[in-house]
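Residue numbers (our numbering), protein chains in the order written: chain A, 1 to 218; chain B, 1 to 238; chain C, 1 to 245; chain D, 1 to 245; chain E, 1 to 217. For each residue, glycine too, the CB sits at the ideal point set by N, CA and C. First the structure, in the form of structure tokens, and then the observations on it.
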Amino acid sequence: MRITFDFLAILAQWPMLLKGVAWTLGLTAISAVIGVVVGVACAWARSDGPTWLRWVVGVYVELIRNTPFIVQLFFIFFGLPAAGFRLSPEAASVIAMVVNLGAYATEIIRAGLEATPRGQIEAALSLALNRMQIFLRVVLPPALRKVWPSLVSQIIIVMLGSAVCGQISTEELSYAANLIQSRNFRAFEAFIIATAIYLALSIALRRLLNWAGARFLF
Amino acid sequence: QTALDDILKSKEIKIAIPTDFPPYGFVGTDLKPQGLDIEMANYIAAKLGVKVELLPVTTANRIPYLQTKKADLVISTLGKNPDREKVIDFTAAYSPFFIAVFAPKSITVKGPADLAGKSISVTRGSVDDMELTKVAPPATELRRFEDNNATVSAYMAGQVQTLATSAQVAGAMMAKNPAMGTEFKFVLKDSPNFIGVGKGEDKLRQKVNDIIAEAKKSGDLDKMAVKWLGRPTGELPN
Amino acid sequence: MRPIVEITALRKSYRANEVLKGIDLKVQKGEVIAIIGKSGSGKSTLLRCINGLEVFQEGALSVDGQALRHDSPTSMRELRQRVGMIFQNFNLFPHLSVGRNVMLAPTLVKKKVKGEAEAQTRKLLERVGLAEKFDAMPDQLSGGQQQRVAIARALAMEPGVLLCDEITSALDPELVGEVLRVVESLAEEGMTLLMVTHEMSFARKVSDRLIFMHQGLVHEMGPPAELFANPQTPELKQFLSSLTD
Amino acid sequence: MRPIVEITALRKSYRANEVLKGIDLKVQKGEVIAIIGKSGSGKSTLLRCINGLEVFQEGALSVDGQALRHDSPTSMRELRQRVGMIFQNFNLFPHLSVGRNVMLAPTLVKKKVKGEAEAQTRKLLERVGLAEKFDAMPDQLSGGQQQRVAIARALAMEPGVLLCDEITSALDPELVGEVLRVVESLAEEGMTLLMVTHEMSFARKVSDRLIFMHQGLVHEMGPPAELFANPQTPELKQFLSSLTD
Amino acid sequence: MVEFSSWDILRNLLLAARWTVALSLIAFVGGGLVGLALLVARLTPSVALQRFVSGYVQLFQGTPLLMQLFLAYFGIALFGINTSPWTAAAVALTLYTSAFLAEIWRGCVASIPKGQWEAAQSLALNFGEQLRHVVLPQALKIAIPPTVGFLVQVVKGTALASVIGFIEITKAGTMITNATFKPFVVYSFVALLYFALCYPVSLYARGLERRMNASHR
Ligand SMILES: Nc1ncnc2c1ncn2[C@@H]1O[C@H](COP(=O)(O)OP(=O)(O)OP(=O)(O)O)[C@@H](O)[C@H]1O
Ligand SMILES: Nc1ncnc2c1ncn2[C@@H]1O[C@H](COP(=O)(O)OP(=O)(O)OP(=O)(O)O)[C@@H](O)[C@H]1O
Ligand SMILES: [Mg+2]
Ligand SMILES: [Mg+2]
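Following this line, the structure appears as structure tokens:
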């Protein structure tokens with residue numbers, strides 16, 4: 001090997017890395033919360049809503065699931081201004097992540113809703129609950145619990161996917177790593193450290209969400 | 001220490017070049033790279049008497065190409081600074097590179113101080129970025145993008161008010177988008193481009209330096225600059 | 001006296017398959033009715049129609065004098081407040097504790113305040129012998145206990161009629177008794193009960209009237225002692241003999 | 001005569017929960033043993049230990065004089081060729097036809113050639129009354145038919161001992177009889193049988209010896225007529241009375 | 001400067017789509033084979049193997065594919081082994097895909113009732129026979145729809161292969177944008193192309209799933 005590693009050259013820039021981690025986590029947190037809400041709403045629309053709404057949601061879900069995230073991001077940031085929507089890079093990143101997670105969450109949650117035993121709904125009906133009460137109090141909580149692991153995985157995929165948000169100057173973790181390496185050319189060190197941080201983040205996030213799901217959601 | 005021998009033995013040189021940086025490196029309708037850097041790469045290969053393999057690279061991965069010997073040279077609008085010199089070696093400069101600030105006529109920007117409170121896009125990790133970071137007042141909203149493409153696109157989409165990039169890139173952009181009324185504001189830095197060589201590959205570096213010196217003398221370098229940049233190289237550091 | 005449930009010429013088909021072929025039935029307040037019959041004879045379908053879980057094609061059905069109207073969600077909800085139902089496989093809500101299973105409908109539908117609903121729930125749980133299980137989750141209970149919670153849950157809405165569809169069929173034999181004892185006490189207290197059951201000795205002991213369904217019709221009906229001792233139709237004879245086999 | 005199954009001081013725990021607390025049991029060739037007891041008393045666990053599906057912590061177990069050794073896959077496979085098992089929910093392989101369900105193990109394990117295995121299979125299916133179902137898929141059969149296929153599948157390995165764990169519990173009441181008749185015919189032909197069952201009348205009629213398990217121990221054991229008529233322990237008394245409740 | 005017509009843009013993107021398809025196929029075949037091996041390792045009673053597989057899955061599911069590709073291409077070269085972009089892409093995409101497929105398939109195997117294993121065991125089948133004749137045939141059937149569905153993720157994942165020098169759809173799109181300064185048009189075509197590649201696969205996966213569910217009832 002002819003190059004020598006100097007990880008300290010990267011770690012010396014820890015404030016930048018820390019800021020990157022904070023952004024990555026912040027983006028993920030906001031988009032996870034809103035994305036899951038979007039997913040619930042769309043899943044409801046797809047299984048219970050009026051036909052036109054089902055169709056609209058169907059188109060949304062298919063469009064998002066069949067194109068890469070980075071293309072969606074570029075569209076929102078570079079394309080929407082042409083239609084008069086001007087967004088900061090951070091806002092564009094959050095919107096892209098919400099839109100992306102929302103589409104996947106819709107499908108995941110819908111699967112959970114469909115797995116609801118018929119008897120649960122009948123029991124709720126025979127207790128005189130109305131449609132909304134049945135959905136929110138009887139059908140949704142067990143469905144969410146059932147699909148929670150898949151949702152957590154998808155949230156982590158979205159977090160890892162946020163690495164491309166740096167390309168529109170959102171200062172998340174991969175942006176920080178890239179900025180550091182483009183200054184001192186220590187690309188390996190920067191990427192290895194970033195990869196390790198991502199791994200730690202996804203392990204920690206999965207733990208946290210699994211714990212929080214069991215503790216607060218159900 | 002063997003790069004030059006390997007090149008001469010295999011009769012092939014691998015050179016990393018940009019594709020996102022008109023007029024230094026960009027693609028034609030056939031997606032074949034062209035531009036000043038590409039011509040320079042071909043020129044060096046011809047002088048060495050070997051075939052050339054062009055490797056399109058990005059800002060992020062051009063140095064690893066060199067470090068892992070996937071490329072022998074990097075000719076990719078590479079600026080020099082002391083940090084970078086710890087990792088790779090540089091030859092003499094081969095082309096000029098003026099970094100300037102651009103904005104629509106409606107915005108008044110006379111010097112760095114006027115950038116305060118305005119947003120500006122720049123390519124992350126480029127010399128442009130480093131210079132701008134040095135001179136821009138703290139109140140400037142600095143937006144660093146992944147590559148030159150995103151930098152210019154963000155400006156054209158109106159996501160930022162001003163743009164810092166190479167004079168030539170801006171020229172191409174202004175020609176395509178006259179409606180924006182973009183104009184030159186002030187020069188940020190005159191930062192010529194160097195060729196990157198693997199750390200310690202002194203023989204290869206020396207050889208390339210000889211070729212550059214010769215090209216300077218023969219006027220080939222100026223000819224290239226006139227063809228792609230519209231003017232001669234001017235003074236270049238060694 | 002006006003019957004609490006009144007069914008006239010009720011017909012119900014699943015597509016081409018006619019399952020109920022004209023049911024006439026009047027149930028008086030406080031009556032305990034046991035419904036028996038072969039698998040597929042339409043017993044469950046009949047109960048589900050009374051609760052409005054199934055839409056029927058012909059005939060009329062009224063509870064407490066109010067005709068059942070499928071097109072009006074509000075009137076369906078009113079009906080269901082009068083008619084409780086207990087299912088073969090309990091259908092407790094798995095994500096809610098026992099107490100919250102019972103309290104859910106009173107707080108949501110009857111808008112009871114929390115304290116009141118809780119007091120009522122504790123009383124009901126005591127009545128079904130599960131006072132100490134208020135905070136347990138359904139999956140921590142045995143089948144018999146779950147079914148007793150389901151009974152408490154249905155009672156919490158203070159229904160006039162209770163429908164029970166084979167509520168002990170999914171239970172281990174040793175757990176059947178505890179559920180039947182609760183049902184028996186309800187019968188004694190004057191609750192109107194319609195129950196589909198395979199427990200013949202229980203049906204005989206508890207019910208005022210026994211209905212034998214066969215191929216979508218009430219085939220034979222009368223006091224249980226009479227029907228068991230002296231079945232009139234060959235179908236009932238055969239059914240009864242198949243049980244003691 | 002050497003017992004075909006010999007169990008000595010067998011103890012088995014799931015983590016801290018000791019489920020079998022020292023079982024001693026000798027089964028003679030041709031004996032038919034019925035095991036009864038409350039839910040959770042360890043009946044299934046005992047059968048599963050004999051078949052090597054569960055690892056036990058203490059004691060010894062041998063079949064045909066061969067000690068069970070969990071560490072040797074080969075000896076486990078030999079054991080399982082001597083001991084067949086039939087489960088409560090049939091566990092037929094849903095992707096294989098009835099015939100191929102029965103033939104699978106003989107061809108794979110005993111290396112029977114196809115023709116021979118097929119002939120054997122047809123004979124076995126005939127014996128359980130399903131000769132014409134050779135090419136049917138399991139999900140086209142009723143529960144009782146599926147269970148009879150499961151019996152044929154176990155018999156195809158020509159085991160010395162057959163373990164049956166509540167094999168009629170998942171069946172509709174009218175289908176129980178057809179399965180029990182097959183088991184009875186096996187008993188008559190001299191198959192060694194250990195069966196956990198809730199069908200008391202059947203246990204009484206068919207078995208040579210009845211075992212009452214309670215809290216992980218053989219609590220009472222003896223000829224069925226005797227145990228039913230004259231239970232010695234209060235636990236068995238209570239168990240029997242809960243059944244006739 | 002060069003002028004790109006819409007046709008030039010589309011034509012170049014279509015040519016680049018060949019690489020997207022080729023990379024996807026490599027990833028899928030390689031990932032499938034390795035994933036199967038991982039699955040079997042995960043199912044064996046060996047605790048060490050199970051740990052290894054779960055660590056492997058965690059590593060490749062817990063880090064961005066972008067970084068994996070980068071480190072595979074340049075990282076291997078650091079140890080003096082010269083890799084072509086093809087090998088590197090094949091290695092990185094295979095690692096990534098296999099981790100996901102192994103997880104998907106494990107879920108399918110886990111959904112086979114325990115009684116099936118026990119019945120096979122009590123018929124004296126050994127581990128391999130239980131797997132080969134009883135569990136895998138059933139798992140395979142339920143595994144096909146999610147596996148085909150994951151192919152869509154693989155296709156989209158290849159977008160990142162540009163870091164190691166592949167000019168597939170996304171990279172071609174970026175290059176063309178640089179020459180044309182028309183990001184909106186170019187990215188519309190890019191999105192359209194991905195949609196055209198992925199949507200039929202999604203539809204097919206969904207159809208398979210529906211058919212399977214129907215046959216289950
Ligand atoms: N949702 C449904 N769709 C179509 N047919 C149905 C449906 N539910 C029941 N049936 C049919 O209606 C008939 C009567 O069914 P029902 O459940 O009322 O019988 P049952 O008397 O309750 O039988 P069991 O004792 O098995 O519960 C049966 O032939 C059944 O196949
Ligand atoms: N896999 C397991 N893990 C932990 N505990 C178990 C497991 N299987 C059984 N047990 C426990 O072992 C005890 C005996 O169970 P077992 O299934 O042998 O009872 P059983 O007599 O067969 O009851 P049933 O009549 O309900 O089938 C029970 O307390 C049960 O909770
Ligand atoms: Mg029924
Ligand atoms: Mg058991």
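Exposed or buried, which one is residue 85/A when buried takes at least 16 other CB atoms within 10 Å? To locate residue 85/A, count along the first sequence from 1; it is residue 85. Residue 85/A is exposed by the Cβ-count criterion.
Strand pairing of residue 17/C, partner residues [DSSP]: Along the third sequence, read from residue 1 onward, the residue named residue 17/C stands at position 17. Bridge partners of residue 17/C: 14/C.
* To do: Starting from the C-beta of residue 19/B, find all residues in its chain whose C-beta is less than 7 Å away, skip the five residues before and the five after it, and write them out in chain order.
  => Numbered from its first residue, the second sequence carries residue 19/B at position 19. So the list reads 25, 26, 27, 33, 56, once near-sequence residues are dropped.
Item checked: Residues of the segment 24 to 45 of chain D with Cβ closer than 7 Å to any Cβ of chain C, in chain order -> 38, 39
Interface partners of residue 228/D on chain G, CB under 8 Å: In summary, chain G is missing from the structure at hand, where the protein chains are A, B, C, D and E.
| said: So, under 8 Å CB-CB, residue 145/D and residue 130/D are touching, yes? Tell me the CB distance rounded to an integer number of Å. | reply: Here residue 145/D is taken as the residue at index 145 of the fourth sequence, counted from 1. Here residue 130/D is taken as the residue at index 130 of the fourth sequence, counted from 1. Residue 145/D to residue 130/D, Cβ: 6 Å. Contact.
For the segment 205 to 216 of chain A, which residues have a beta carbon sitting closer than 9 Å to at least one beta carbon of chain B? none
**Message:** Whole angstroms are fine: how far does the CA of residue 191/B sit from the CA of residue 278/B?
**Reply:** Outside the displayed range of chain B (1 to 238) lies residue 278/B, so it cannot be described from this structure.
- Query: Nearest-angstrom Cα distance between residue 26/E and residue 8/E?
  - Reply: As a first step, residue 26/E must be located in the fifth sequence, where it is residue number 26. As a first step, residue 8/E must be located in the fifth sequence, where it is residue number 8. The alpha-carbon atoms of residue 26/E and residue 8/E are separated by roughly 28 Å.
Measuring only the C-alpha atoms, how far is residue 10/E from residue 21/E?
Counted from its first residue, the fifth sequence places residue 10/E at position 10. Counted from its first residue, the fifth sequence places residue 21/E at position 21. Residue 10/E and residue 21/E: Cα-Cα distance of roughly 16 Å.
Which residue wins for smallest C-alpha separation from residue 218/C, given the options 36/C, 226/C, 136/C? Numbered from 1 along the third sequence, position 218 holds the residue referred to as residue 218/C. Nearest C-alpha to residue 218/C: 36/C.
Q: Might you give, ordered along the chain, the residues of its own chain that have their beta carbon closer than 6 Å to the beta carbon of residue 167/B, omitting 5 neighbours on each side?
A: As a first step, residue 167/B must be located in the second sequence, where it is residue number 167. The answer, listed in chain order, is 98, 100.
### Message
Taking 8 Å as the cut-off, does the segment 191 to 210 of chain B touch the segment 71 to 88 of chain B (at least 3 CB pairs, one atom from each stretch)?
### Response
yes
task = Could you check what DSSP says for residue 88/C in three-state terms: helix, strand or coil?
result = Within the third sequence, numbered from 1, the residue matching residue 88/C stands at position 88. Looking at residue 88/C - three-state DSSP - the assignment turns out to be coil, as it is neither helix nor strand.
Item to check | Three-state secondary structure assigned by DSSP to residue 17/B | outcome: In the second sequence, counting from the first residue as 1, residue 17/B sits at position 17. Strand, per DSSP.
Along chain E, which residues have their Cβ under 7 Å away from the Cβ of residue 94/D?
-> Taking the first residue of the fourth sequence as 1, we reach residue 94/D at position 94. In chain order: 138.
- Less than 8 Å separating the beta-carbons of residue 140/E and residue 133/E? Indexing the fifth sequence from 1 puts residue 140/E at position 140. Indexing the fifth sequence from 1 puts residue 133/E at position 133. The answer is no: Cβ separation not under 8 Å.
Would you call the CB atoms of residue 153/B and residue 180/E closer than 8 Å?
As a working note, residue 153/B is residue 153 in the second sequence. As a working note, residue 180/E is residue 180 in the fifth sequence. No, the Cβ-Cβ distance between residue 153/B and residue 180/E is not below 8 Å.
| Which residues mark the beginning and the end of the beta strand (DSSP E) in which residue 213/D is found? | Here residue 213/D refers to the residue found at position 213 of the fourth sequence. That run of the beta strand (DSSP E) goes 209 to 214.
- For residue 165/D and chain C, any beta-carbon pair shorter than 8 Å? Along the fourth sequence, read from residue 1 onward, the residue named residue 165/D stands at position 165. For residue 165/D, the answer is no, since every Cβ of chain C falls outside 8 Å of its Cβ.
Should residue 99/A be counted as a contact of ligand 3 given a C-beta to heavy atom distance under 7 Å?
Start at 1 with the first residue of the first sequence, and residue 99/A comes out as number 99. Not under cutoff, so the answer is no.
Quiz item: Using DSSP with H/G/I as helix, E/B as strand and the rest coil, what is residue 94/B?
Solution: Working through the second sequence from its first residue, we reach residue 94/B at position 94. DSSP places residue 94/B in strand when its eight states are reduced to three.
**OP:** Name the one or two DSSP bridge partners that residue 80/A has.
**Re:** Here residue 80/A refers to the residue found at position 80 of the first sequence. Partner(s): none; residue 80/A has no beta bridge.
task = Please determine, among 107/A, 170/A, 135/A, the residue with the shortest C-alpha to C-alpha distance to residue 144/B.
result = Against the second sequence, residue 144/B aligns to sequence position 144. It is 170/A whose Cα lies nearest to the Cα of residue 144/B.
Q | residue 33/C - partner residues in DSSP beta bridges | A | Counting from 1 along the third sequence, the entry for residue 33/C is found at position 33. DSSP output for residue 33/C lists 194/C, 209/C as bridge partner(s).
Any chance the CB of residue 12/C is under 7 Å from a heavy atom of ligand 3?
As a first step, residue 12/C must be located in the third sequence, where it is residue number 12. No, Cβ of residue 12/C sits at least 7 Å from all heavy atoms of ligand 3.
Original post:
Which class does residue 185/C belong to by DSSP, given the choice of helix, strand or coil?
Top reply: Taking the first residue of the third sequence as 1, we reach residue 185/C at position 185. Looking at residue 185/C - three-state DSSP - the assignment turns out to be helix.
- Ignore the nearest five residues each way along the sequence and tell me which others in residue 28/C's own chain have a CB closer than 7 Å to its CB. Counted from its first residue, the third sequence places residue 28/C at position 28. Here the set comprises 1, 3, 4.
Please report the straight-line C-alpha distance between residue 160/A and residue 96/D, rounded to a whole angstrom.
Here the question's residue 160/A lines up with position 160 in the first sequence. Here the question's residue 96/D lines up with position 96 in the fourth sequence. Each residue's Cα considered, the two are about 43 Å apart.
- May I ask you to report which of helix, strand or coil DSSP gives residue 146/D? Position 146 of the fourth sequence, counting from 1, holds the residue named residue 146/D. Three-state result, residue 146/D: helix.
**Prompt:** At a cut of 8 Å, does the segment 135 to 154 of chain E reach the segment 195 to 207 of chain E through at least three beta carbon pairs?
**Reply:** yes
inquiry  = If I measure Cβ to Cβ from residue 222/B and keep anything under 6 Å in the same chain, skipping five residues before and after, which residues do I get?
reply    = In the second sequence, counting from the first residue as 1, residue 222/B sits at position 222. The residues are 232, 233.
Inside the segment 79 to 143 of chain B only - beta strand (DSSP E) runs reaching at least 3 residues: 89 to 95, 98 to 104, 119 to 123
Can you find the residues in the same chain that come closer than 7 Å, C-beta to C-beta, to residue 142/C, ignoring five residues on each side of it along the sequence? Against the third sequence, residue 142/C aligns to sequence position 142. Hits under 7 Å: 175.
Output, in chain order, the set of chain A residues within a Cβ distance shorter than 8 Å of residue 239/B. Nothing in the structure corresponds to residue 239/B, since chain B is present only between 1 and 238.
Cβ distance (whole Å) where residue 105/A is taken to contact residue 72/A below 8 Å:
Taking the first residue of the first sequence as position 1, residue 105/A is located at position 105. Taking the first residue of the first sequence as position 1, residue 72/A is located at position 72. About 15 Å separates the two Cβ atoms, so there is no contact after all.
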